[in-house]
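To get my numbering, take the position in the sequence shown, counting from 1, and add 279.
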Amino acid sequence: MSRINERDLDWALTSPSLITHELALPDQEFPGMEETQLRDFLERREKKSHRVGRYFEDLIEFWLTEIQDVELIARGHQIFDANEKTRTIGELDFVWRDDCGTLIHLETAVKFYLHDPGENHTGSQFVGPNARDTFERKIARLLDHQLPLSARNYSEPVIPRALVRGRIFYHPDSSAPETLPDFLNPDHLRGEWLHQGEIDRLDHSDREFHILEKPHWFTAPQEPGMSLPDFKKRIEAAQHPVLSVSRTNRVGSPNELCSFVFIVPDRWPDLCD
280 MSRINERDLD WALTSPSLIT HELALPDQEF PGMEETQLRD FLERREKKSH
330 RVGRYFEDLI EFWLTEIQDV ELIARGHQIF DANEKTRTIG ELDFVWRDDC
380 GTLIHLETAV KFYLHDPGEN HTGSQFVGPN ARDTFERKIA RLLDHQLPLS
430 ARNYSEPVIP RALVRGRIFY HPDSSAPETL PDFLNPDHLR GEWLHQGEID
480 RLDHSDREFH ILEKPHWFTA PQEPGMSLPD FKKRIEAAQH PVLSVSRTNR
530 VGSPNELCSF VFIVPDRWPD LCD
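What follows is the structure, encoded as C-alpha coordinates:
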(Lines of atoms letter the chains of each structure in order from A and count residues from 1; the text may use other names and numbers.)
(Lines give C-alpha, C1' and ligand atoms only; values in the text may rest on other atoms or scores of the structure.)
Protein backbone atom coordinates (compact mmCIF):
# COMPACT_ATOMS: atom_id res chain seq x y z
CA MET A 1 0.00 0.00 0.00
CA SER A 2 1.30 3.43 -0.93
CA ARG A 3 2.04 5.68 2.04
CA ILE A 4 2.49 8.83 0.02
CA ASN A 5 0.88 11.06 2.66
CA GLU A 6 3.43 9.95 5.25
CA ARG A 7 6.29 10.50 2.82
CA ASP A 8 4.90 13.94 2.06
CA LEU A 9 4.65 14.78 5.77
CA ASP A 10 8.23 13.61 6.27
CA TRP A 11 9.29 15.93 3.44
CA ALA A 12 7.26 18.84 4.85
CA LEU A 13 8.95 18.53 8.25
CA THR A 14 12.51 17.47 7.45
CA SER A 15 13.44 18.82 4.00
CA PRO A 16 15.62 21.96 3.90
CA SER A 17 13.89 25.26 4.49
CA LEU A 18 13.59 27.32 1.33
CA ILE A 19 14.55 30.41 3.32
CA THR A 20 17.17 31.46 5.82
CA HIS A 21 15.65 33.91 8.27
CA GLU A 22 15.48 34.36 12.03
CA LEU A 23 11.73 33.71 11.90
CA ALA A 24 12.10 30.39 10.05
CA LEU A 25 10.86 27.46 12.12
CA PRO A 26 13.75 25.08 12.93
CA ASP A 27 13.81 21.74 11.11
CA GLN A 28 11.62 19.12 12.72
CA GLU A 29 11.84 15.37 13.19
CA PHE A 30 9.47 13.00 11.44
CA PRO A 31 7.17 11.45 14.05
CA GLY A 32 6.18 7.84 14.37
CA MET A 33 2.49 7.12 13.81
CA GLU A 34 -0.05 4.45 13.09
CA GLU A 35 -0.34 3.58 9.40
CA THR A 36 -3.89 4.89 9.07
CA GLN A 37 -3.61 7.88 11.40
CA LEU A 38 -2.67 10.51 8.81
CA ARG A 39 -4.86 9.03 6.09
CA ASP A 40 -7.91 9.12 8.34
CA PHE A 41 -7.15 12.71 9.34
CA LEU A 42 -6.96 13.85 5.71
CA GLU A 43 -10.14 12.00 4.78
CA ARG A 44 -12.00 13.91 7.51
CA ARG A 45 -11.21 17.26 5.89
CA GLU A 46 -14.45 19.06 5.09
CA LYS A 47 -13.11 20.31 1.77
CA LYS A 48 -10.68 18.07 -0.03
CA SER A 49 -8.50 20.17 -2.29
CA HIS A 50 -5.99 19.44 -5.03
CA ARG A 51 -4.23 22.72 -4.26
CA VAL A 52 -0.64 22.01 -3.31
CA GLY A 53 -0.55 24.78 -0.70
CA ARG A 54 -3.77 23.63 0.98
CA TYR A 55 -2.51 20.05 1.17
CA PHE A 56 0.72 21.30 2.73
CA GLU A 57 -1.29 23.21 5.35
CA ASP A 58 -3.32 20.07 6.12
CA LEU A 59 -0.13 18.10 6.71
CA ILE A 60 1.14 20.78 9.07
CA GLU A 61 -2.18 20.90 10.91
CA PHE A 62 -1.96 17.14 11.44
CA TRP A 63 1.55 17.51 12.82
CA LEU A 64 0.50 20.33 15.15
CA THR A 65 -2.73 18.86 16.49
CA GLU A 66 -2.16 15.10 16.36
CA ILE A 67 1.58 14.84 17.01
CA GLN A 68 2.52 18.01 18.90
CA ASP A 69 -0.85 17.98 20.68
CA VAL A 70 -1.31 21.69 20.05
CA GLU A 71 -4.72 23.23 20.68
CA LEU A 72 -5.18 25.60 17.77
CA ILE A 73 -6.77 28.96 18.44
CA ALA A 74 -7.11 29.66 14.74
CA ARG A 75 -6.45 28.22 11.32
CA GLY A 76 -7.00 30.31 8.22
CA HIS A 77 -8.30 33.17 10.37
CA GLN A 78 -9.29 36.07 8.13
CA ILE A 79 -8.17 39.58 9.07
CA PHE A 80 -10.41 42.46 8.01
CA ASP A 81 -9.53 46.04 7.21
CA ALA A 82 -10.15 48.21 10.28
CA ASN A 83 -11.68 50.94 8.11
CA GLU A 84 -13.59 48.72 5.73
CA LYS A 85 -15.00 45.82 7.71
CA THR A 86 -16.04 43.75 4.69
CA ARG A 87 -12.60 43.79 3.04
CA THR A 88 -10.10 41.11 4.04
CA ILE A 89 -6.43 42.06 4.11
CA GLY A 90 -5.07 38.58 4.76
CA GLU A 91 -5.36 35.57 7.01
CA LEU A 92 -3.38 33.80 9.70
CA ASP A 93 -2.46 30.21 8.83
CA PHE A 94 -2.09 28.87 12.39
CA VAL A 95 -2.24 30.40 15.88
CA TRP A 96 -1.80 28.54 19.19
CA ARG A 97 -0.40 28.93 22.70
CA ASP A 98 2.83 27.18 23.63
CA ASP A 99 3.46 25.49 26.98
CA CYS A 100 4.34 28.86 28.51
CA GLY A 101 1.08 30.43 27.35
CA THR A 102 2.72 32.53 24.63
CA LEU A 103 0.84 33.02 21.39
CA ILE A 104 2.59 31.51 18.35
CA HIS A 105 1.64 32.53 14.82
CA LEU A 106 2.88 30.19 12.07
CA GLU A 107 2.72 30.99 8.37
CA THR A 108 3.35 28.12 5.97
CA ALA A 109 4.28 28.09 2.30
CA VAL A 110 5.45 25.54 -0.24
CA LYS A 111 6.87 27.07 -3.42
CA PHE A 112 8.56 25.98 -6.61
CA TYR A 113 10.65 28.37 -8.71
CA LEU A 114 12.59 28.08 -11.95
CA HIS A 115 15.91 29.88 -12.34
CA ASP A 116 15.76 32.00 -15.51
CA PRO A 117 18.95 34.06 -15.83
CA GLY A 118 17.76 35.99 -18.88
CA GLU A 119 15.76 39.19 -18.88
CA ASN A 120 12.03 38.66 -18.51
CA HIS A 121 8.96 40.69 -17.66
CA THR A 122 9.05 39.70 -13.97
CA GLY A 123 12.35 41.37 -13.12
CA SER A 124 13.32 38.21 -11.21
CA GLN A 125 15.55 35.27 -12.02
CA PHE A 126 13.51 32.94 -9.80
CA VAL A 127 10.10 32.63 -11.40
CA GLY A 128 7.20 30.32 -10.64
CA PRO A 129 5.67 27.96 -13.22
CA ASN A 130 2.91 30.56 -13.14
CA ALA A 131 5.17 33.44 -14.14
CA ARG A 132 3.17 35.97 -12.11
CA ASP A 133 4.85 34.47 -9.04
CA THR A 134 8.48 35.16 -8.10
CA PHE A 135 10.57 34.25 -5.08
CA GLU A 136 11.23 37.88 -4.19
CA ARG A 137 7.56 38.83 -4.40
CA LYS A 138 6.44 35.90 -2.26
CA ILE A 139 9.06 36.38 0.46
CA ALA A 140 8.42 40.12 0.64
CA ARG A 141 4.72 39.46 1.17
CA LEU A 142 5.46 36.78 3.77
CA LEU A 143 7.85 38.91 5.81
CA ASP A 144 6.33 42.35 5.33
CA HIS A 145 2.61 41.55 5.27
CA GLN A 146 1.60 38.06 6.39
CA LEU A 147 3.75 37.60 9.50
CA PRO A 148 3.06 41.09 10.95
CA LEU A 149 -0.72 40.56 10.68
CA SER A 150 -0.98 38.74 14.00
CA ALA A 151 0.41 41.71 15.91
CA ARG A 152 -2.47 43.77 14.54
CA ASN A 153 -5.07 41.19 15.53
CA TYR A 154 -4.03 40.34 19.11
CA SER A 155 -3.49 42.76 21.98
CA GLU A 156 -0.89 40.52 23.64
CA PRO A 157 2.59 39.67 22.30
CA VAL A 158 2.72 37.13 19.47
CA ILE A 159 5.77 35.21 18.25
CA PRO A 160 5.68 34.91 14.44
CA ARG A 161 7.25 31.93 12.70
CA ALA A 162 7.47 30.74 9.09
CA LEU A 163 7.70 27.22 7.72
CA VAL A 164 8.67 27.41 4.04
CA ARG A 165 9.54 24.42 1.90
CA GLY A 166 10.08 24.03 -1.82
CA ARG A 167 12.49 23.42 -4.65
CA ILE A 168 14.44 25.52 -7.17
CA PHE A 169 14.79 24.22 -10.73
CA TYR A 170 17.78 25.04 -12.94
CA HIS A 171 18.11 24.83 -16.72
CA PRO A 172 20.98 22.54 -17.80
CA ASP A 173 22.42 25.25 -20.09
CA SER A 174 22.56 27.89 -17.36
CA SER A 175 25.45 28.50 -15.01
CA ALA A 176 24.78 28.55 -11.30
CA PRO A 177 23.89 32.08 -10.16
CA GLU A 178 26.75 33.98 -8.56
CA THR A 179 24.40 35.58 -6.05
CA LEU A 180 21.07 34.46 -4.65
CA PRO A 181 18.10 36.60 -3.65
CA ASP A 182 17.95 37.73 -0.05
CA PHE A 183 16.71 34.96 2.27
CA LEU A 184 16.98 32.11 -0.28
CA ASN A 185 18.66 29.21 1.49
CA PRO A 186 21.79 28.26 -0.50
CA ASP A 187 21.23 24.63 0.55
CA HIS A 188 17.78 24.48 -1.05
CA LEU A 189 16.46 21.42 -2.85
CA ARG A 190 17.19 21.42 -6.57
CA GLY A 191 15.69 20.12 -9.78
CA GLU A 192 15.93 20.74 -13.51
CA TRP A 193 13.64 22.52 -15.93
CA LEU A 194 13.21 22.30 -19.69
CA HIS A 195 11.00 23.89 -22.29
CA GLN A 196 8.52 21.52 -23.89
CA GLY A 197 10.50 21.54 -27.13
CA GLU A 198 13.61 20.33 -25.29
CA ILE A 199 12.14 17.11 -23.93
CA ASP A 200 14.42 14.96 -26.11
CA ARG A 201 17.30 16.15 -23.94
CA LEU A 202 16.07 14.01 -21.07
CA ASP A 203 18.36 11.13 -20.25
CA HIS A 204 16.22 8.05 -20.79
CA SER A 205 18.78 5.27 -20.48
CA ASP A 206 17.49 2.92 -17.79
CA ARG A 207 14.99 5.58 -16.67
CA GLU A 208 11.27 5.67 -16.05
CA PHE A 209 9.12 8.76 -15.79
CA HIS A 210 6.27 10.00 -13.62
CA ILE A 211 4.01 13.01 -13.97
CA LEU A 212 3.25 14.33 -10.50
CA GLU A 213 -0.41 15.13 -10.00
CA LYS A 214 -1.49 17.83 -7.59
CA PRO A 215 -1.35 17.96 -4.64
CA HIS A 216 1.44 15.36 -4.46
CA TRP A 217 4.34 17.49 -5.69
CA PHE A 218 6.74 16.78 -2.84
CA THR A 219 8.12 13.25 -3.14
CA ALA A 220 8.72 10.68 -5.85
CA PRO A 221 6.08 7.97 -6.40
CA GLN A 222 7.01 4.42 -5.45
CA GLU A 223 4.97 2.84 -8.25
CA PRO A 224 6.49 1.90 -11.65
CA GLY A 225 6.66 4.80 -14.10
CA MET A 226 6.18 5.17 -17.85
CA SER A 227 8.59 4.98 -20.75
CA LEU A 228 10.00 8.10 -22.37
CA PRO A 229 7.77 7.76 -25.51
CA ASP A 230 4.64 7.55 -23.34
CA PHE A 231 5.91 10.41 -21.20
CA LYS A 232 6.49 12.56 -24.30
CA LYS A 233 2.93 11.97 -25.48
CA ARG A 234 1.57 13.18 -22.15
CA ILE A 235 3.81 16.24 -22.17
CA GLU A 236 2.96 17.17 -25.76
CA ALA A 237 -0.74 17.10 -24.89
CA ALA A 238 -0.28 19.34 -21.86
CA GLN A 239 -1.06 23.04 -22.15
CA HIS A 240 0.46 24.00 -18.82
CA PRO A 241 3.67 23.43 -16.82
CA VAL A 242 4.16 19.82 -15.72
CA LEU A 243 6.19 18.63 -12.74
CA SER A 244 7.73 15.22 -13.32
CA VAL A 245 10.20 12.75 -11.89
CA SER A 246 12.68 10.56 -13.72
CA ARG A 247 14.10 7.60 -11.86
CA THR A 248 16.21 4.53 -12.43
CA ASN A 249 14.16 1.58 -13.62
CA ARG A 250 13.83 0.01 -10.19
CA VAL A 251 10.66 0.02 -8.14
CA GLY A 252 11.26 1.70 -4.82
CA SER A 253 14.34 3.64 -5.90
CA PRO A 254 15.17 6.16 -3.17
CA ASN A 255 14.52 9.84 -3.74
CA GLU A 256 18.23 10.63 -3.96
CA LEU A 257 18.32 8.65 -7.24
CA CYS A 258 15.41 10.65 -8.64
CA SER A 259 15.48 13.79 -10.74
CA PHE A 260 12.65 16.29 -10.39
CA VAL A 261 12.04 18.02 -13.73
CA PHE A 262 9.64 20.85 -14.58
CA ILE A 263 8.53 20.92 -18.22
CA VAL A 264 7.14 24.33 -19.19
CA PRO A 265 5.59 25.68 -22.42
CA ASP A 266 8.08 26.99 -24.95
CA ARG A 267 6.89 30.56 -24.39
CA TRP A 268 7.46 30.46 -20.63
CA PRO A 269 8.08 32.78 -18.77
CA ASP A 270 6.50 35.26 -21.21
CA LEU A 271 3.32 33.20 -21.13
CA CYS A 272 1.46 33.35 -17.81
CA ASP A 273 -1.13 30.80 -16.75
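Built from N, CA and C at the ideal position, the CB exists for glycine as well.
For R286, same chain residues with a beta-carbon under 6 Å away, outside a window of 5 residues either side, are T498 in chain order. Here the alpha carbons of A410 and T401 stand approximately 7 Å from one another. Here F309 carries a coil assignment [DSSP, helix/strand/coil]. Shortest Cα-Cα distance from W496 to any of V540, A419, V331, H384 involves V331. The C-beta distance from H467 to P305 rounds to 16 Å, too long to fall under 8 Å, and the pair is not in contact. Taken through DSSP and simplified to helix, strand or coil, Y334 comes out as helix.
A straight line joining the alpha-carbon of I447 with that of H394 spans about 7 Å. At the C-beta level, S523 and V540 come within 8 Å of one another. In this structure, P520 is the residue among H300, T387, P520 with its C-alpha nearest to the C-alpha of H474. Excluding the 5 residues flanking it on each side, Q347 has no same chain C-beta neighbour closer than 6 Å.
Classified as exposed, I438 has fewer than 16 neighbouring CB atoms from the shown chains inside 10 Å of its CB.
With respect to the C-alpha of S429, the residue from R366, R354, P408, I478 having the closest C-alpha is R354.
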